[in-house]
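Protein chains in written order, with the working numbering: chain A, 1 to 408; chain B, 409 to 816. Glycine included, each C-beta is placed from N, C-alpha and C at the ideal position. This structure is a prediction, so every number in the text was calculated from the model and none was measured.
Number of protein chains: 2
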Amino acid sequence: MLAVASPEDALKMIDEHFGAIRTAAEELPIYDAYGRVLAEDIHSREDVPAFDRSTMDGYAVNASDTFGASETLMAMLKPVGTVHMGETPDFTIGKGECAYIPTGGRLPEGSNGVVMVEYTEDFGDGYIYAQSSIAPGANVIYRGDDVKEGALLLKTGTVIRPQEMGALAAMGYPKVKVFQRLKVGILSTGDELVDVDAPQTGSVVRDVNTYALSAGLCAIGAEPVRYGITKDDHASLTAALHKALSECDAVLISGGSSVGTADMTHRIIDEAGKPGVFLHGVAVKPGKPTIAGDINGKPVFGLPGHPVSAYFIYRIFVAPVFQKMMGQLTEQRREIAATMSRNVPSNHGRQEYIPVSLTVGEDGSTLAAPVATKSGLITTLCRADGFVCIKRDAEGLRRGEAVTVILF
Amino acid sequence: MLAVASPEDALKMIDEHFGAIRTAAEELPIYDAYGRVLAEDIHSREDVPAFDRSTMDGYAVNASDTFGASETLMAMLKPVGTVHMGETPDFTIGKGECAYIPTGGRLPEGSNGVVMVEYTEDFGDGYIYAQSSIAPGANVIYRGDDVKEGALLLKTGTVIRPQEMGALAAMGYPKVKVFQRLKVGILSTGDELVDVDAPQTGSVVRDVNTYALSAGLCAIGAEPVRYGITKDDHASLTAALHKALSECDAVLISGGSSVGTADMTHRIIDEAGKPGVFLHGVAVKPGKPTIAGDINGKPVFGLPGHPVSAYFIYRIFVAPVFQKMMGQLTEQRREIAATMSRNVPSNHGRQEYIPVSLTVGEDGSTLAAPVATKSGLITTLCRADGFVCIKRDAEGLRRGEAVTVILF
Chain A
1 MLAVASPEDA LKMIDEHFGA IRTAAEELPI YDAYGRVLAE DIHSREDVPA FDRSTMDGYA
61 VNASDTFGAS ETLMAMLKPV GTVHMGETPD FTIGKGECAY IPTGGRLPEG SNGVVMVEYT
121 EDFGDGYIYA QSSIAPGANV IYRGDDVKEG ALLLKTGTVI RPQEMGALAA MGYPKVKVFQ
181 RLKVGILSTG DELVDVDAPQ TGSVVRDVNT YALSAGLCAI GAEPVRYGIT KDDHASLTAA
241 LHKALSECDA VLISGGSSVG TADMTHRIID EAGKPGVFLH GVAVKPGKPT IAGDINGKPV
301 FGLPGHPVSA YFIYRIFVAP VFQKMMGQLT EQRREIAATM SRNVPSNHGR QEYIPVSLTV
361 GEDGSTLAAP VATKSGLITT LCRADGFVCI KRDAEGLRRG EAVTVILF
Chain B
409 MLAVASPEDA LKMIDEHFGA IRTAAEELPI YDAYGRVLAE DIHSREDVPA FDRSTMDGYA
469 VNASDTFGAS ETLMAMLKPV GTVHMGETPD FTIGKGECAY IPTGGRLPEG SNGVVMVEYT
529 EDFGDGYIYA QSSIAPGANV IYRGDDVKEG ALLLKTGTVI RPQEMGALAA MGYPKVKVFQ
589 RLKVGILSTG DELVDVDAPQ TGSVVRDVNT YALSAGLCAI GAEPVRYGIT KDDHASLTAA
649 LHKALSECDA VLISGGSSVG TADMTHRIID EAGKPGVFLH GVAVKPGKPT IAGDINGKPV
709 FGLPGHPVSA YFIYRIFVAP VFQKMMGQLT EQRREIAATM SRNVPSNHGR QEYIPVSLTV
769 GEDGSTLAAP VATKSGLITT LCRADGFVCI KRDAEGLRRG EAVTVILF
């Protein structure tokens, strides 16, 4: 008989079993890799820039030719060519010479700085007049100034955001290796459940968990596989679990884990493989009857039937390890700092998570208000932006207290 | 000749032209609607719950039969049936009677409260003994307590997150209307540009903008359509723009908008339709030479060639109106509060945006450090988490100053 675990121990156990597992890598064109997780270290293949280049539109010069120049004492320079974008100049800059160069153009041999076009004058006499002095290196980025060949730039586990996408393109990576999405099967158990499109006949309960957990998996980049509603009997649930395990990397089973007459999930998970169930019961409210099993290396989680409880448990105990299995270096926190706008009592003796809605106060700060505890499921789902943890030993939360809101 | 606009005026003009436009709606199964924006108001189609139900496992009773009960003076109740999940009880509860009821079970006629199973005893003598009194309504959620039929629950413009997905399922919505994704064409102009898979020959510049902007569009739920690199001549750019306009809802053109010898973007956008270009030049650094045009109701933006500048302008001036066009009630802010970890001087006389990298300080606060201004493109892209705005009249930012970081 497994003892009820503290939330910290539960997270630890789950991480011990699955935290080192990674999905396989796949190679994608970079434009398909937005939001994906790098499965390889990215090194620069070359010096960048590959050549000394101008950062402004202006004139490439020998900086010393401009020393002492001003609006009233302009430096007279002879243009000996024009630099064109994408071309290597076929001329050099000698003493007293210059060449028009656009932003990004390659510095001609002999030049070591660029006078911005705004600080020059062209009186049409065949010369360019610099109205300002520049130091050597002004408005120039040198070969390798950005990155040197071989430098490690992006590490395995980095999520590809727009800036990483740009860096990959700049470094000449048309394809990139990323971790595959974790395929997670979702089973809902309960004889009372009907699918979302069933009409309300008076006593039925819709299968909310399939959809909320589906979305929760999409939110972390996993791929939900919906197996729908399974009857609450040994044969049906066993068959459904085996099918899901054969097709997915992990399985979520909601319902069938409460102190009720239909609790057989623990037994079915244990029967499905080794080592079996390693966690049953976590000292949190809601969600105490949470089950975690290791079936030949695949995670199987038993979640509560109530959708808000099921989602809490998924969010706190399941999603982090799934993100780790998809290679993320650090869990995308999806948390926000806020201030409680009301007192919340708590005397449950368990770590408690309460749903909160967020508003912006007059001073621009984020306020968190508890969603009324007697609210029904739909009201809670429509109002909750996330939830706040009340530690086991705390008496509750005070109005004005700083909290971390875990976004839904 | 259009005057350079302040950032506030630029945003206002862009919003005036496009802020009222919406993409068409499409109907999707809800499990495909994660992250999409509701294009319809969602009302409850029924009372929820549709019947009075128990929130605990226990016994349905007349509350008055338990008044005065305690562990030493238990109330004796006769079980007259068992409530099963998903079924309407076919018996009633009379005085002194009870029935086992699981969490979520329907209250039998005649009962008005539930004693939790933990507060009962079954001595095997045919009676159930309640050890605690309950008030009427204890552990019960009444019909309509959650939502009443016809109540407006989710408004047009709401982004579907996991909680909204759960609410839609609970309310019996197998399908939902959402705004279509905005199709945005991306053109990169510049004779010096080569595609990402071109080898570095020494003078070429890779087309970073196509990829960074692609990812930036994915980040807001838009659909990028990549047209690649266009040569810097009137005929090529005109043909490319016309093709993009015929296939997309909006177009981004990067490069070709600086004070250079190849600036014809303004003219080509003007020639493409009416009313044409309404903005050319915004008093921001980087990104001053920004162009916005209205081509028969379709937005066409001319962005700088430098990828960090192009992305800034996209992020600040383009993405918000695109999100509005896809129906979002409020722009997903994607901002974070932070403290500057270093001074940043600024004396440019223009509103300036500087890229910053974020770290977490010892006290858990978020720190923003400027990415060195002479950093090259790749270094900036690999280090920047977002950027901070320095207002035109500010002298810069001070170490310790509170700032808002606009995430990349």
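Annotation: the continuous beta strand (DSSP E) that includes Ile186 (chain A) extends over Lys183 to Thr189.
Residues of chain A with a Cβ closer than 8 angstroms to the Cβ of Tyr581 (chain B) are, in chain order, Val196. Gln588 (chain B) and Glu600 (chain B) have their C-alpha atoms spaced approximately 36 angstroms apart.
Taking 7 angstroms as the cut-off between beta carbons, the residues of the segment 503 to 527 of chain B near chain A are Pro510, Thr511, Gly512 and Arg514, in sequence order.
Counting only runs that start and end inside the segment 359 to 384 of chain A, the alpha helix (DSSP H) elements of at least 4 residues fall at 377 to 383. Judged by their CB atoms, Ile390 (chain A) and Val321 (chain A) are not nearer to each other than the 8 angstroms cut-off. It is roughly 10 angstroms from the alpha-carbon of Ala680 (chain B) to the alpha-carbon of Ala647 (chain B).
Interface residue (Cβ-Cβ distance to chain B less than 8 angstroms): Thr379 (chain A) is classified as such. Shown here, Glu97 (chain A) sits in a strand according to DSSP, grouped into three states. For Val613 (chain B), the number of other beta carbons within 10 angstroms of its own is at least 16, and it is reported as buried.
Beta-carbon to beta-carbon, Asp270 (chain A) and Gly287 (chain A) are separated by about 20 angstroms, too far to satisfy the 8 angstroms threshold. In chain order, Asp449 and His451 place their CB closer than 7 angstroms to the CB of Leu560 (chain B), counting only its own chain and leaving out the 5 sequence neighbours on each side.
Our two residues, Ile295 (chain A) and Gly565 (chain B), have alpha carbons roughly 42 angstroms apart in a direct line.
Counting only Cβ-Cβ distances below 9 angstroms, Arg206 (chain A) has contacts in chain B at Ala577, Ala578, Met579 and Gly580, in chain order.
Here the C-alpha atom of Arg383 (chain A) lies approximately 18 angstroms from the C-alpha atom of Glu557 (chain B). Beta-bridge analysis with DSSP links Gln759 (chain B) to B:Val692. With a 10 Å radius around the Cβ and a threshold of 16 neighbouring Cβ atoms, Thr500 (chain B) comes out exposed. Beta-bridge annotation (DSSP): Phe387 (chain A) is paired with A:Pro355 and A:Ile406. Non-local beta-carbon contacts of Thr210 (chain A) in its own chain, meaning distances under 7 angstroms to residues more than five positions away in sequence, involve Ile186, Ser188, Arg226 and Gly228 in chain order. In this chain, Ser662 (chain B) is not harboured by any alpha helix (DSSP H); it is covered by the beta strand (DSSP E) spanning Ala658 to Ser662.
The C-alpha of Ile291 (chain A) is placed about 34 angstroms away from the C-alpha of Gly534 (chain B).
For the options B:Ala575, B:Lys591, B:Asp615 and B:Leu766, the alpha carbon positioned closest to that of Gly629 (chain B) is the one of B:Lys591. At least 8 angstroms separates the beta-carbon of Leu653 (chain B) from that of Tyr722 (chain B). Residues of chain B whose Cβ lies closer than 7 angstroms to the Cβ of Met326 (chain A) do not exist, since the nearest Cβ in that chain is about 17 angstroms away. At a cut-off of 8 angstroms between beta carbons, Phe408 (chain A) contacts chain B. Using beta-carbon distances, Pro753 (chain B) does not count as an interface residue toward chain A, since no partner is under 8 angstroms.
In the three-state reduction of the DSSP assignment, Ser541 (chain B) falls in the coil class, being assigned neither a helical nor a strand state. For Ile703 (chain B), the enclosing beta strand (DSSP E) begins and ends at Ile699 to Ile703. Contact holds between the segment 506 to 523 of chain B and the segment 537 to 555 of chain B, because three or more Cβ pairs, one in each stretch, are under 8 angstroms apart. With respect to the C-alpha of Gln131 (chain A), the residue from A:Phe123, A:Gly110 and A:Tyr119 having the closest C-alpha is A:Tyr119.
Here Met484 (chain B) is exposed. Its C-beta has fewer than 16 other C-beta atoms within 10 Å. Counting along the chain, Gly427 (chain B) sits inside no beta strand (DSSP E), nor does DSSP assign it H or E at all.
Listed in chain order, the beta strand (DSSP E) runs fully inside the segment 507 to 574 of chain B are 521 to 524, 536 to 538 and 560 to 562, counting runs of at least 3 residues. DSSP places Ala627 (chain B) inside the alpha helix (DSSP H), whose first and last residues are Asn617 to Ala627. Within the same chain, and ignoring the five residues on either side of Arg807 (chain B) in sequence, the residues whose Cβ sits closer than 7 angstroms to its Cβ are Met748, Ser749, Arg750 and Asn751.
Rounded to the nearest whole angstrom, the CA to CA distance from Pro7 (chain A) to Phe317 (chain A) is 8 angstroms.
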